[in-house]
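Residue numbers (my numbering): 10 to 533.
Note that beta-carbon positions come from the ideal geometry of N, C-alpha and C, so glycine has one too.
As the structure is a prediction and not an experimental result, all values here were calculated from the model.
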């Protein structure tokens, strides 16, 4: 596969963004000017393509930050990054942010540091501060800028993009390119390794959740009464029931199928620019944890047999207390589900979550409960970002459900919001709209939320971008489309309830954490 490293360059107008990019890649593609914005909004985040040591480099340039465009700029950035980072392609996601600061301006504003940190928090993209015009900045100023970066855990690079005479009459020399290129390429390797590690941890946690459900389902179906008449047969059936569940995951399946390209990216990356090998070390730990997980249940599959032996051989039979045997068996079944399965799987999952958060460079002293709350809130943030870009119906404001569809209102001009769209269709025929609604109906019958979401989104987009008269000619009341929207609303409301619990410091269950993760996957 061909490898691509992707960097986003942002900064205020006039800080030297374009000169830095031209110097970095030995080109003259980036527009330079005297304090004028280097791109228009229509060209925002336009990509420029270069090659370095056989690696394709995509540079995404941006409109310069201005005092009067901050809100619009951050909105455009969010849309761009949500779209890029959801592609699950190592050659498409943004790997690094270069934030350009004019070193001769003598300071970094707090708001600029906050922006870099916000991008890191939302999208896990490392930010590097590029200090331009270093040839005309005094040493005290440079030292203070570097110190500010260090205090905020930010890397910084000193750059001189153009050769010119300084105030002292000395000819300055270009410098900093090699360090910047090395940081760009090694950061791409680090980012992909980190993403793959986190996805693999999530995959294993998901596997453990599935295993929990399968084991409990199997235990609930076992004929515990068989133990009395044929202990060996019961033990054989029990072992046979759980064996395929525990063998369901093999080492090659630990890596999610849609992340195989990430592994290929790492394997084919140039050794000269490889950064820290985050993935290999974590993969070894994960494999060991999976084997430990499987071994625990394989070794402890004799525990219920022993418990049953105690109950059935406890003297109750000799004393004529057969009536208590079913109660004892039920207690053992519950004990197996709650203690043998639930509590142990929770321990495994909490250990994996702590390891995952160590990869994400979060506070390593966080408790398991804190981590679960953070997981929920991070997923909810991504869910909100995706819903903000949803093309839901342009309803009359008085008839629109408040929570979810309000997000759509905020993105639609007031005169459009007040239009009432009536959707009536008599039977599901062959028009594009009817076919979309048929897809919604089929997905609802299969309880396939991912398809419900996709088809409902497509139907709403189709309505909003076509002649409304087409829909007035159909007479089957709006129920299919509305049913799809209602299901999405209910899922979103539940996600909001879970997120509110996390915000208020309440305990989050593994099921709630998995619900958020599954919903995010379904709408991505």
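Excluding five sequence neighbours on each side, which residues of the same chain lie with their C-beta closer than 8 Å to the C-beta of residue i?
{"i": "residue 543", "result": "No answer is possible for residue 543: it lies beyond the span of the chain, which begins at 10 and ends at 533."}
{"i": "residue 441", "result": "471"}
{"i": "residue 188", "result": "166"}
{"i": "residue 77", "result": "none"}
{"i": "residue 531", "result": "458, 459 and 462"}
{"i": "residue 3", "result": "In this structure the chain extends from 10 to 533, so residue 3 is not present and cannot be described."}
In the DSSP assignment, the alpha helix (DSSP H) including residue i goes from what residue to what residue?
{"i": "residue 13", "result": "Not the alpha helix (DSSP H): residue 13 falls in the beta strand (DSSP E), residues 13 to 20."}
{"i": "residue 263", "result": "Careful: residue 263 lies outside any alpha helix (DSSP H) and carries neither H nor E."}
{"i": "residue 530", "result": "519 to 532"}
{"i": "residue 471", "result": "458 to 473"}
{"i": "residue 385", "result": "377 to 397"}
{"i": "residue 239", "result": "First-last for residue 239: undefined, no H or E at that position."}
{"i": "residue 367", "result": "353 to 368"}
{"i": "residue 450", "result": "441 to 454"}
{"i": "residue 282", "result": "Careful: residue 282 lies outside any alpha helix (DSSP H) and carries neither H nor E."}
{"i": "residue 36", "result": "Run containing residue 36: none; DSSP gives neither H nor E here."}
{"i": "residue 91", "result": "79 to 94"}
{"i": "residue 156", "result": "148 to 160"}
{"i": "residue 232", "result": "It is not in any alpha helix (DSSP H) - residue 232 carries neither H nor E in the DSSP assignment."}
{"i": "residue 493", "result": "488 to 512"}
Which term fits residue i, buried or exposed, when burial requires 16 or more other beta carbons within 10 angstroms of its beta carbon?
{"i": "residue 25", "result": "buried"}
{"i": "residue 522", "result": "buried"}
{"i": "residue 446", "result": "buried"}
{"i": "residue 106", "result": "buried"}
{"i": "residue 94", "result": "buried"}
{"i": "residue 70", "result": "buried"}
{"i": "residue 217", "result": "buried"}
{"i": "residue 515", "result": "exposed"}
{"i": "residue 84", "result": "exposed"}
{"i": "residue 291", "result": "buried"}
{"i": "residue 193", "result": "buried"}
{"i": "residue 242", "result": "exposed"}
{"i": "residue 19", "result": "buried"}
{"i": "residue 124", "result": "buried"}
{"i": "residue 63", "result": "exposed"}
{"i": "residue 253", "result": "exposed"}
{"i": "residue 204", "result": "buried"}
{"i": "residue 408", "result": "At residue 408, the pLDDT of 38 sits below 50, so the modelled position is not reliable and the matter cannot be decided from this model."}
Between residue i and the rest of its own chain, which residues show a CB-CB distance below 7 Å, the 5 nearest in sequence each way excluded?
{"i": "residue 365", "result": "207 and 210"}
{"i": "residue 143", "result": "112, 151, 167, 168 and 169"}
{"i": "residue 131", "result": "390"}
{"i": "residue 37", "result": "31"}
{"i": "residue 285", "result": "199"}
{"i": "residue 255", "result": "303, 306 and 307"}
{"i": "residue 489", "result": "446, 449 and 450"}
Can you tell me where the beta strand (DSSP E) holding residue i begins and where it ends?
{"i": "residue 64", "result": "64 to 69"}
{"i": "residue 109", "result": "105 to 111"}
In the DSSP output, what is residue i paired with across the bridge?
{"i": "residue 167", "result": "140"}
{"i": "residue 58", "result": "67"}
{"i": "residue 184", "result": "169"}
{"i": "residue 271", "result": "Answer by DSSP bridge pairing: none, since residue 271 is not bridged."}
{"i": "residue 135", "result": "105"}
{"i": "residue 74", "result": "21"}
Grab me the residues of residue i's own chain with a C-beta within less than 6 Å of its C-beta, minus the 5 sequence neighbours each way, in chain order.
{"i": "residue 121", "result": "none"}
{"i": "residue 533", "result": "95"}
{"i": "residue 214", "result": "358 and 361"}
{"i": "residue 384", "result": "522"}
{"i": "residue 17", "result": "69, 103 and 106"}
{"i": "residue 467", "result": "445"}
{"i": "residue 59", "result": "34 and 66"}
{"i": "residue 134", "result": "103, 106 and 128"}
Looking at the ligand COA, does it come within less than 7 Å of residue i, judged from the CB to the closest heavy atom?
{"i": "residue 209", "result": "Because no ligand of any kind appears in the structure shown, any question about the ligand COA cannot be addressed here."}
Within the chosen definition, does the region 156 to 172 reach the region 105 to 124 through at least 3 CB pairs nearer than 8 Å?
yes
Inspect the CB distances between the region 505 to 513 and the region 460 to 474 and report whether three or more fall short of 8 Å.
no
Using a Cβ distance threshold of 8 Å, determine whether the region 524 to 531 contacts the region 375 to 391, with at least three qualifying pairs required.
Taking 8 Å as the limit for Cβ pairs, the verdict is that the region 375 to 391 does touch the region 524 to 531.
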